[in-house]
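Visitor: Residue numbers (my numbering): 15 to 178.
Built from N, CA and C at the ideal position, the CB exists for glycine as well.
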Amino acid sequence: MSNASMIVKVLCGLIAQCIASLLKGSSGFFAGAFFIMAFSSCQSTDELKKEQYYSEGYQLYTANCANCHQADGTGLANLYPPIKGSSYLDRNADLICIIKNGLAGEIQVAGKTYNRPMPANPKLADIEIAEIVTYVNITWGGDSTYTPTDSVTAILSRCEINQE
Numbered sequence: 015m016s017n018a019s020m021i022v023k024v025l026c027g028l029i030a031q032c033i034a035s036l037l038k039g040s041s042g043f044f045a046g047a048f049f050i051m052a053f054s055s056c057q058s059t060d061e062l063k064k065e066q067y068y069s070e071g072y073q074l075y076t077a078n079c080a081n082c083h084q085a086d087g088t089g090l091a092n093l094y095p096p097i098k099g100s101s102y103l104d105r106n107a108d109l110i111c112i113i114k115n116g117l118a119g120e121i122q123v124a125g126k127t128y129n130r131p132m133p134a135n136p137k138l139a140d141i142e143i144a145e146i147v148t149y150v151n152i153t154w155g156g157d158s159t160y161t162p163t164d165s166v167t168a169i170l171s172r173c174e175i176n177q178e
């Protein structure tokens, strides 16, 4: 953690303590509102983006991916591969290209062979792909950062489409 981040966290803690002591006896609504305002201003832009991308990514994953890959990322028996524990989470470029363009042909995931096509998602915008990748990487890939939209755009411009 950088010195600047540490200073911001300490200041946020002090601000929260001050607000809590000032608002003792105030109505719960005003105390809660001030508390939320104080803490939202204490988060860095990257932290806010990560939370936003994660939240939106969860919604998008649920709507576009969970039917096959399941809500818990474990896949569906021998039909659809798991995302959880997949080495694809270590290869963001591959993951981004597959989400957008789909995939056909045999693949190996966690030592198991799968050979069902994954359909392309041409209607997903770059930011939506960034949000899905952020969600799956944080949830099952052990990553703690968000995937910026400009990175997704750059990667998509270089994708090789693997559709049969």
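Straight-line CA distance for Asn115 to Ala168?
Guide: For Asn115 and Ala168, the distance between alpha carbons rounds to 15 angstroms.
Visitor: Measure the C-alpha to C-alpha separation of Phe90 and Asn135 and round it to an integer number of angstroms.
Guide: At residue 90 the sequence reads Leu, which differs from the Phe that was named. Near 20 angstroms, if we compare the C-alpha coordinates of Asn135 and Leu90.
Visitor: Who are the Cβ neighbours of Thr163 in its own chain at under 7 angstroms, not counting the five residues just before and after it?
Guide: Closer than 7 angstroms at Cβ, skipping near neighbours: Asp140, Ile141 and Ala144.
Visitor: Label Gly156 either buried or exposed according to how many other C-beta atoms from any shown protein chain fall within 10 Å of its C-beta, with 16 as the threshold for buried.
Guide: Classification of Gly156: exposed, given that the 10 Å Cβ count is below 16.
Visitor: Is the region 109 to 127 touching the region 94 to 101 in the sense that three or more CB pairs, one from each, lie closer than 8 angstroms?
Guide: As far as the Cβ criterion goes, the region 94 to 101 touches the region 109 to 127, which means the pair count is three or higher.
Visitor: Mind reading off the beta-carbon distance from Pro95 to Tyr128? Whole number of angstroms is fine, and I expect it under 8 angstroms.
Guide: Right, their Cβ atoms sit about 5 angstroms apart.
Visitor: So what's Tyr160 in DSSP terms, helix, strand or just coil?
Guide: The answer is coil: DSSP assigns Tyr160 none of H, G, I, E or B.
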